[in-house]
Amino acid sequence: MSREIGGPLADDIVRRVEESFARQGLMAHLGASLADIRHGLVSIRMPYRPELTQQHGFFHAGGTSAIADSAGGYAGFTLFPQDSSVLTVEFKLNLVNPARGDALEAVGRVAKSGRTLTVCQLEVFAEADGERTLVALGQQTLMCMHSRADA
Numbered sequence: 124m125s126r127e128i129g130g131p132l133a134d135d136i137v138r139r140v141e142e143s144f145a146r147q148g149l150m151a152h153l154g155a156s157l158a159d160i161r162h163g164l165v166s167i168r169m170p171y172r173p174e175l176t177q178q179h180g181f182f183h184a185g186g187t188s189a190i191a192d193s194a195g196g197y198a199g200f201t202l203f204p205q206d207s208s209v210l211t212v213e214f215k216l217n218l219v220n221p222a223r224g225d226a227l228e229a230v231g232r233v234a235k236s237g238r239t240l241t242v243c244q245l246e247v248f249a250e251a252d253g254e255r256t257l258v259a260l261g262q263q264t265l266m267c268m269h270s271r272a273d274a
């Protein structure tokens, strides 16, 4: 198994991420789904629905930031010990283009993994007419909750 960011994962780690994601009520409410799970890298898709927009018809920053936060959180979680869980302690997101299209895809990528704190890079892309446009960039700090398995 590769230790490189973006490399393949063992089935039990993929399953742990999928089971944790399935318990997130907000992701279900947003209609978001896991699109990719790899070593230190997770992407989440959220299809367009009018209920997810702001007054100009763009995806609302709340939904955009929620999937970015979860993508980074689960990217870090792929590297955490089996008996641990993850909490975001800080994140910042810059909205760089209007978020419009058929769907958004948030990509979380571990930049630096530590015993307690992990830093991730966040990107969100809008997909429209077969093209992807970067709509948000961010950074996040996660805390590994040792000996506290995901509930």
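Numbering follows my numbering, in which position 1 of the sequence shown is assigned residue number 124; successive positions increment by one, without gaps.
Glycine is no exception: its CB is placed at the ideal position from the N, C-alpha and C atoms.
Since the model is a prediction, treat every value here as computed from it, not as a measurement.
Query: Among Arg238, Leu245 and Gln205, the one whose alpha carbon lies nearest that of alanine 189; Result: Leu245
Query: Candidates Thr176, Asp159 and Glu174, of which the one nearest arginine 168 by Cα; Result: Asp159
Query: Alpha carbon of arginine 161 to alpha carbon of phenylalanine 200, nearest angstrom; Result: 11 Å
Query: For glycine 261, the three-state DSSP class (helix, strand or coil); Result: strand
Query: Unbroken beta strand (DSSP E) run spanning threonine 211, endpoints; Result: 208-218
Query: DSSP state of threonine 201 mapped onto helix, strand, coil; Result: coil
Query: Supposed close pair glutamate 228, glutamate 250 - CB separation, criterion 8 Å; Result: 6 Å
Query: Assigned secondary structure, glycine 180 (DSSP; H/G/I helix, E/B strand, else coil); Result: coil
Query: Straight-line gap, glycine 186 to tyrosine 171 (C-alpha atoms, nearest Å); Result: 11 Å
Query: Those residues which DSSP pairs with leucine 153 across a bridge; Result: Looking at the DSSP assignment, leucine 153 forms no beta bridge with any residue, so it has no partner.
Query: Proximal residues to aspartate 206 (C-beta, below 6 Å), its chain only, five neighbours per side dropped; Result: Ser270 and Ala272
Query: For phenylalanine 181 and arginine 126, the rounded distance between their alpha carbons; Result: 38 Å
Query: Beta strand (DSSP E) segment containing arginine 290, residue limits; Result: Lying outside 124 to 274, the shown extent of the chain, residue 290 is not represented and no answer is given.
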